[in-house]
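Undergrad:
Numbering (full-length UniProt numbering), first residue to last: 1 to 608.
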């Protein structure tokens with residue numbers, strides 16, 4: 001009763017229930033107290049009454065969030081100030097390391113930020129990645145919030161765990177010159193490099209942002225791109241991840257080349273390959289250029305060309321004697337990157353040049369990453385050249401078909417099965433390809449194929465987790481319905497980590513974790529429907545049912561720093577990129593070994 005009244009913002013009912021002896025610290029199934037629900041509802045009067053009644057101001061409920069943490073992104077500065085004045089701890093993070101201040105910065109709630117900066121530690125890092133509030137404000141291009149943090153004395157020299165400074169993050173946001181100007185006025189080094197040797201102008205060139213580039217050049221930035229391609233945001237395995245107005249045409253790219261002075265004056269082979277300039281590549285090789293020279297991340301020209309799928313340049317480099325098995329700083333080979341970026345013509349050339357098809361890099365072989373990318377033709381080429389269709393990753397013992405199933409890559413799954421892949425092999429934790437497929441929306445065809453190949457619909461992994469449990473955890477209603485139709489036992493209730501319908505909603509704050517299925521878990525009705533399919537009461541829900549206002553999710557800004565930090569190209573870098581992680585970074589749902597990004601770029605939030 002008290003929970004309902006608080007969630008509804010009904011102050012009179014709250015007062016009456018307290019007078020009648022209601023427990024002010026009662027909790028719902030998710031651990032939310034009346035204070036937490038009252039703060040979410042937006043009723044400052046309910047919050048005030050509950051505080052006067054002696055409620056635990058720092059109680060943690062949904063996603064281990066306190067009332068202050070959950071109120072911060074909702075924009076009600078009155079409630080936030082009331083909680084702070086009454087002694088709420090501003091530094092208690094939620095289960096994903098998110099503090100109230102970060103949540104307010106992310107939501108661009110300026111009035112709340114102004115309250116919190118007076119009480120909170122503005123240098124506290126979040127998400128265990130080394131980012132502070134000012135890092136995020138700069139990366140979002142939120143000038144007003146950024147100015148508030150700077151005025152409060154935020155450390156502008158802070159570096160992320162991946163070695164990116166605030167200026168680097170700002171450079172990844174299009175037309176972010178006001179924030180960059182503040183940073184330069186405060187003494188930031190315009191040519192400071194990341195761990196991989198990238199400067200702010202390199203990163204702005206990668207996203208093809210002319211305003212940022214023009215500004216940085218006017219301030220004296222070194223135009224050398226260190227092997228980074230202009231508009232490299234076009235060259236990812238997910239297609240373009242460029243900002244909406246950038247890199248729309250070849251003319252856009254040529255204009256940036258002109259700005260940087262590299263259109264006709266390429267002097268280094270790495271830069272010629274990065275620019276995709278075949279004539280310059282030939283000219284430089286004929287002039288004696290070293291085909292094994294490396295960029296800052298250790299990439300050779302052949303690795304760069306293979307990443308971009310530049311078939312003609314790959315041929316030229318191989319003919320010139322380039323090492324087909326050269327590795328960059330984290331061990332990635334030309335074949336590995338060509339497989340990941342799904343360039344079958346380049347893969348064929350590299351195989352014909354005796355590339356090592358079994359080379360392990362970043363925790364997986366070329367076949368693993370080809371399956372990740374859904375490259376059926378690449379898979380056929382690799383297996384035709386002798387790759388083991390059941391090769392396992394060293395840490396989680398995942399096979400290629402698990403990656404293909406998890407990515408909902410139907411043709412890749414068929415290619416692997418046609419080549420003799422054993423679909424029943426489990427990971428080290430007992431998860432099967434069916435578990436993986438259950439996380440992906442629209443994967444019913446793949447699940448049907450896997451069941452036809454002999455996977456048990458009730459196969460149990462760690463904590464007796466079955467595929468239908470995984471489907472429910474990721475809010476995949478279609479998979480739940482399909483698996484039930486195939487005989488899945490809905491009465492299995494493990495009480496374990498995955499036994500939460502839409503438990504994935506808590507992942508929004510951590511880029512290492514696989515997110516909910518597309519379009520899933522948007523409302524309480526979505527959750528209730530899946531719970532009803534599974535039998536209701538045996539299942540736990542992560543969202544407080546009495547609440548009338550949903551806990552807001554962080555927005556997924558296309559170039560925001562809670563994505564895996566920018567490097568050169570897109571690649572899986574963590575055992576958790578497509579899946580839930582176990583302690584210590586080992587993959588639970590299969591995948592690639594944790595490791596440094598090296599020279600490869602990623603904005604993906606997508607196994608070790």
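Using N, Cα and C, we set each Cβ at its ideal position, and we do this for glycine too.
Between which two residues does the alpha helix (DSSP H) carrying residue 147 extend?
TA: Sequence index remark: in the chain shown, residue 147 carries index 147 (1-based). 143 to 151 is the span of the alpha helix (DSSP H), which, as asked, contains residue 147.
Undergrad: Pull up the distance between the alpha-carbon of residue 611 and that of residue 418, whole angstroms please.
TA: The structure shown does not extend to residue 611, since the chain is modelled only from 1 to 608, so the question has no answer here.
Undergrad: What would DSSP say about residue 131, mapped onto helix, strand or coil?
TA: For this step, residue 131 is matched to residue 131 along the chain shown. It is a strand residue.
Undergrad: Near residue 120, which residues of its chain fall below 6 Å by C-beta distance, leaving aside the five closest residues on each side in sequence?
TA: Translated into the one-based positions of the chain shown, residue 120 becomes position 120. Closer than 6 Å at Cβ, skipping near neighbours: 90 and 101.
Undergrad: Going by Cα to Cα distance, which pick from 97, 94 and 58 is closest to residue 86?
TA: Within the chain shown, residue 86 is the residue found at index 86, counting from 1. Nearest C-alpha to residue 86: 58.
Undergrad: Identify the continuous alpha helix (DSSP H) that holds residue 400 and give its terminal residues.
TA: As a first step, residue 400 is located in the chain shown; it is residue number 400 there, counting from the start. Residues 400 to 406.
Undergrad: What are the uninterrupted segments assigned as beta strand (DSSP E) that are 3 or more residues long and contained completely in the UniProt repeat "ANK" (429 to 462), given in chain order?
TA: List check, beta strand (DSSP E) in window: nothing returned.
Undergrad: Along the chain, where does the alpha helix (DSSP H) that runs through residue 16 open and close?
TA: Along the chain shown, read from residue 1 onward, the residue named residue 16 stands at position 16. Element bounds for residue 16: 11 to 19.
Undergrad: Under 8 Å by Cβ, that's how I've got residue 134 and residue 110 pegged, so tell me the actual separation to the nearest angstrom.
TA: Position 134 of the chain shown, counted from the first residue, corresponds to residue 134. Position 110 of the chain shown, counted from the first residue, corresponds to residue 110. With a Cβ gap of about 14 Å, residue 134 and residue 110 do not count as contacting.
Undergrad: Is residue 159 helix, strand or coil by DSSP?
TA: Numbered from its first residue, the chain shown carries residue 159 at position 159. Residue state, collapsed to three classes: strand.
Undergrad: Just how far apart, CA to CA, sit residue 271 and residue 308?
TA: Mapped onto the chain shown, residue 271 falls at position 271. Mapped onto the chain shown, residue 308 falls at position 308. About 13 Å.
Undergrad: Please state whether DSSP places residue 31 in a helix, a strand or coil.
TA: Locating residue 31 in the chain shown gives position 31, where the first residue counts as 1. Residue 31: coil per DSSP, three-state reduction.
Undergrad: Between the C-alpha atoms of residue 333 and residue 361, what's the straight-line distance to the nearest angstrom?
TA: Position 333 of the chain shown, counted from the first residue, corresponds to residue 333. Position 361 of the chain shown, counted from the first residue, corresponds to residue 361. Approximately 8 Å, taken between the alpha carbons.
Undergrad: Looking at the unbroken alpha helix (DSSP H) that takes in residue 360, where does it start and where does it end?
TA: One-based indexing of the chain shown puts residue 360 at position 360. No alpha helix (DSSP H) contains residue 360, which DSSP labels as neither H nor E.
Undergrad: Tell me which residues share the same chain as residue 103 and place their Cβ nearer than 7 Å to its Cβ, disregarding the 5 neighbours each side in the sequence.
TA: The count along the chain shown starts at 1 and reaches residue 103 at position 103. These residues qualify, in order along the chain: 69, 72 and 73.
Undergrad: In three-state DSSP terms, what is residue 291?
TA: Taking the chain shown and counting its residues from 1, one reaches residue 291 at position 291. If DSSP states are grouped into helix, strand and coil, residue 291 belongs with coil.
Undergrad: Just how far apart, CA to CA, sit residue 294 and residue 93?
TA: In the chain shown, residue 294 corresponds to position 294, counting from 1. In the chain shown, residue 93 corresponds to position 93, counting from 1. Answer to the nearest angstrom: the Cα atoms are 42 Å apart.
Undergrad: Quickly, what does DSSP pair residue 115 with across the bridge? List them, please.
TA: Position 115 of the chain shown holds residue 115. Answer is none; residue 115 lacks a bridge partner.
Undergrad: When you compare only the Cα positions, how much space is there between residue 441 and residue 319?
TA: In the chain shown, residue 441 corresponds to position 441, counting from 1. In the chain shown, residue 319 corresponds to position 319, counting from 1. Going from the Cα of residue 441 to the Cα of residue 319 covers about 45 Å.
Undergrad: What residue range does the alpha helix (DSSP H) around residue 610 cover?
TA: Because the chain in this structure spans residues 1 to 608, residue 610 falls outside the shown range and cannot be described.
Undergrad: Near residue 229, what residues of its chain come up, given a Cβ to Cβ distance below 6 Å and the 5 sequence neighbours on each side ignored?
TA: For the purposes of this step, residue 229 is identified with residue 229 of the chain shown, where counting begins at 1. So the list reads 274, once near-sequence residues are dropped.
Undergrad: Residues in the same chain with beta-carbon distance under 8 Å from residue 116, minus the five sequence neighbours each way, listed in chain order, please.
TA: Numbered from its first residue, the chain shown carries residue 116 at position 116. Taken in chain order, the residues that qualify are 72, 80, 84, 90, 100, 101 and 104.
Undergrad: Helix, strand or coil for residue 562? Go by DSSP, reduced to three states.
TA: Within the chain shown, the letter at position 562 stands for residue 562. Any reading at residue 562 needs caution, since the residue's pLDDT is 26, under 50, leaving its predicted position unreliable; the model's value is listed next. In this structure, residue 562 counts as coil in the three-state DSSP scheme.
Undergrad: Give the DSSP-derived three-state secondary structure of residue 165 in the structure shown.
TA: Along the chain shown, one-based indexing puts residue 165 at 165. If DSSP states are grouped into helix, strand and coil, residue 165 belongs with the strands.
Undergrad: Using beta-carbon positions only, say whether residue 534 and residue 490 come within less than 7 Å of one another.
TA: In the chain shown, the residue the question calls residue 534 occupies position 534. In the chain shown, the residue the question calls residue 490 occupies position 490. In this structure, residue 490 lies closer than 7 Å to residue 534 by Cβ.
Undergrad: How about residue 49 and residue 15: do their beta carbons lie closer than 7 Å?
TA: Counting from 1 along the chain shown, the entry for residue 49 is found at position 49. Counting from 1 along the chain shown, the entry for residue 15 is found at position 15. Their beta carbons are under 7 Å apart, which means residue 49 touches residue 15 by this criterion.
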